[in-house]
Amino acid sequence: MTADLAVVGGGVIGAFAVREALSRHPDWRVLLLERGGIGAGATAWSAGVSFPLAATARHRELVVASGERYAALRDQAAGAFLRPVRMIYVMRERGLAAFAERVVGAPLRPVTGRERERVHGVMPDLRVEADEAMVTHDGEGFVVAARPLAEALVAEAASRTEVQLGQRVEEIRGDGGGGSYRLRTAQGEWGARRVVLACGAWAPPVDGLAEPSGARRKRIAALHARLPVELDDALVYFVDDDLFLLPLAAGVALVSFYREEWDTEPDTCDGRPNADDLRQGRAALGRRSATAAAAVVGGRAFCDLYTDHRLPVVTTTPALPGLAAVRGGSGSGVRLAPGLAAAALDAVTATATDAGAATVSDAVASAASEVVTPAAASGAGTPASDAVGPTVPGGAAARAQVHP
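Per this note's numbering: the sequence shown ends with 430, consecutive numbering throughout.
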């Protein structure tokens with residue numbers, strides 16, 4: 027039997043693709059093929075955060091779409107894996123005006139005395155320069171427990187979805203009839219009329235689909251530190267440092283920092299930090315708080331595919347109608363997963379004419395045959411990393427790490 031849609035990849039983006047498909051088309055037969063387990067790969071190591079921050083108008087659309095879909099889960103079973111969180115930014119005063127333009131739907135304001143006190147309570151020796159401001163905005167974002175969330179979304183769809191785990195797709199090809207695809211693994215073969223590829227850092231198993239412009243794999247790392255945080259404390263983001271501190275549990279915080287290592291192979295990463303991860307992370311954190319750096323007890327590490335504009339893209343080509351790939355998560359895959367899944371569904375249900383039409387700036391496309399959907403547009407000055415947490419446009423943009 028031929029599925030109406032095959033989703034390759036059971037991470038958080040693939041899980042949202044399944045949910046989006048069944049929401050739009052309850053009568054569809056959906057197939058999910060995953061090389062390992064649900065929520066494996068970068069999803070397993072994520073502490074993703076959904077926040078109202080965007081670098082471009084099209085990026086803003088994606089942020090809004092994702093935020094709305096996350097908010098809609100709050101009263102459902104999957105909502106158990108979303109936690110409200112406030113955010114405080116520490117940054118140079120000269121960058122405040124430009125940064126404020128990137129906040130979606132909420133003006134920046136100075137922190138209150140109580141909010142400032144709480145930050146210093148967590149890091150008593152915190153170093154804040156004279157020309158730096160500490161600001162926030164009203165409203166809340168979400169901390170996303172990405173792996174259990176993906177598992178919950180797939181479980182919710184289990185009665186209407188064929189889920190095949192341990193199935194590494196080795197080849198995808200047209201069936202010769204012009205209307206569907208054959209997906210081959212070492213164990214078997216499946217047919218599908220449409221395909222969404224959500225393979226994370228791994229290359230999609232299909233010929234003819236160009237890599238996103240400037241795509242490279244980057245190592246991402248974060249630290250775990252025993253600090254006097256409470257679960258309802260704000261996330262503190264040092265914008266110009268590309269470093270943030272996120273409460274994970276009472277007494278435990280995650281610290282994401284910029285990790286300078288490129289061309290990492292995903293199969294060589296197992297989530298464990300190496301000595302260089304810990305050394306670089308402690309040094310970065312120590313520039314703000316020696317006490318916090320001394321409290322580091324471990325961490326996590328993985329990798330993701332980054333585009334040259336540091337935003338994920340959904341790529342298609344007229345040669346492969348009904349097939350779309352979500353590529354270049356750039357550390358923002360969890361934060362933008364619901365919107366990316368929706369954009370991928372739009373792409374695979376478009377007509378052949380639609381699929382060949384450029385939908386964003388030509389500067390984003392890496393080849394004439396590649397289409398980048400409104401899922402993302404070129405965002406100069408946008409860093410990127412939520413495989414271990416958020417990313418904020420601005421700050422040390424060219425280095426590309428953290429994206430709330």
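Ideal Cβ placement from N, Cα and C applies to all residues, glycine included.
For residue i versus residue j, is the C-beta spacing smaller than 7 Å?
i: residue 431; j: residue 218; result: The chain is shown only over 27 to 430; residue 431 falls outside these bounds and no answer can be derived.
i: residue 80; j: residue 38; result: no
i: residue 124; j: residue 134; result: no
i: residue 310; j: residue 261; result: no
i: residue 266; j: residue 117; result: yes
i: residue 356; j: residue 336; result: yes
i: residue 247; j: residue 285; result: yes
i: residue 176; j: residue 41; result: yes
i: residue 64; j: residue 221; result: no
i: residue 362; j: residue 46; result: no
i: residue 209; j: residue 373; result: no
i: residue 292; j: residue 229; result: no
i: residue 245; j: residue 331; result: no
i: residue 71; j: residue 328; result: yes
i: residue 297; j: residue 326; result: yes
i: residue 104; j: residue 184; result: no
i: residue 345; j: residue 200; result: no
i: residue 250; j: residue 139; result: no
i: residue 58; j: residue 189; result: yes
i: residue 333; j: residue 275; result: no
Taking residue i and residue j to be in contact with their CB atoms under 8 Å, please state how far apart those CB atoms are, rounded to whole angstroms.
i: residue 322; j: residue 338; result: Actually they are not in contact, since the Cβ atoms of residue 322 and residue 338 sit about 30 Å apart, beyond 8 Å.
i: residue 97; j: residue 368; result: Not really, about 14 Å apart at Cβ, beyond 8 Å.
i: residue 159; j: residue 108; result: Going by Cβ atoms, the distance from residue 159 to residue 108 rounds to 29 Å, so no, they are not a contact pair.
i: residue 88; j: residue 365; result: 4 Å
i: residue 162; j: residue 115; result: 7 Å
i: residue 78; j: residue 93; result: 6 Å
i: residue 132; j: residue 101; result: In fact, because the Cβ distance is near 22 Å, the residues do not count as touching under 8 Å.
i: residue 186; j: residue 99; result: Wrong, their Cβ atoms sit about 18 Å apart, outside the cutoff.
Per the DSSP calculation, residue i is bridged to which residue(s)?
i: residue 247; result: 327
i: residue 60; result: 191
i: residue 275; result: 278
i: residue 197; result: 210
i: residue 432; result: Outside the shown range of the chain (27 to 430) lies residue 432, about which nothing can therefore be said.
i: residue 288; result: 244
i: residue 28; result: 217
i: residue 252; result: 278
i: residue 79; result: 129
i: residue 222; result: 33 and 350
i: residue 5; result: Residue numbering for the chain in the displayed model covers 27 to 430; residue 5 lies beyond these limits and cannot be assessed.
Since residue i is in the alpha helix (DSSP H), which residue starts that stretch and which ends it?
i: residue 355; result: Premise fails: residue 355 is in no alpha helix (DSSP H) and is neither H nor E.
i: residue 107; result: Here residue 107 belongs to no alpha helix (DSSP H), and DSSP marks it neither H nor E.
i: residue 316; result: 316-320
i: residue 307; result: 301-312
i: residue 65; result: From DSSP, residue 65 is part of no alpha helix (DSSP H); its letter is neither H nor E.
i: residue 91; result: 83-98
i: residue 346; result: Premise fails: residue 346 is in no alpha helix (DSSP H) and is neither H nor E.
i: residue 38; result: 38-50
With a threshold of 7 Å on Cβ separation, who are the neighbours of residue i within its own chain once the five nearest residues in sequence on each side are excluded?
i: residue 213; result: 193
i: residue 110; result: 166 and 168
i: residue 155; result: none
i: residue 206; result: 28, 217, 218 and 219
i: residue 43; result: 33, 222, 224, 367, 370 and 371
i: residue 394; result: Residue placement at residue 394 is flagged as unreliable, the pLDDT there being 26, under the threshold of 50; the coordinate-derived value follows with that caveat. No residues qualify anywhere along the chain.
So, for residue i: in the same chain, excluding its five sequence neighbours on each side, which residues have a beta-carbon less than 6 Å away from its beta-carbon?
i: residue 231; result: 195, 196, 197 and 198
i: residue 255; result: 148, 273 and 279
i: residue 383; result: Reliability of the predicted coordinates at residue 383 is poor, the pLDDT of 36 falling under 50, and no value is obtained from them.
i: residue 60; result: 36 and 191
i: residue 397; result: Caution applies to residue 397, whose pLDDT of 40 falls short of 50 and renders its modelled position unreliable; the model cannot decide the point.
i: residue 378; result: Confidence in residue 378 is poor, its pLDDT being 44 and thus under 50, which makes the residue's placement unreliable; the coordinate value appears in the next sentence. 347, listed in sequence order.
i: residue 283; result: 269, 307 and 310
i: residue 271; result: 262, 279 and 281
i: residue 119; result: 157 and 159
With residue i as the anchor, note down where its beta strand (DSSP E) starts and where it stops.
i: residue 137; result: Here residue 137 belongs to no beta strand (DSSP E), and DSSP marks it neither H nor E.
i: residue 115; result: 113-118
i: residue 218; result: 215-218
i: residue 158; result: 158-163
i: residue 284; result: It is not in any beta strand (DSSP E) - residue 284 carries neither H nor E in the DSSP assignment.
i: residue 336; result: No beta strand (DSSP E) contains residue 336, which DSSP labels as neither H nor E.
i: residue 124; result: No beta strand (DSSP E) holds residue 124; the alpha helix (DSSP H) holding it covers 122-126.
i: residue 76; result: 74-76
i: residue 32; result: 31-34
i: residue 169; result: 167-170
i: residue 262; result: 261-264
CB-CB under 8 Å to residue i, same chain, minus the five flanking residues each way: which ones, in chain order?
i: residue 277; result: 252, 253, 254 and 255
i: residue 288; result: 242, 243, 244 and 245
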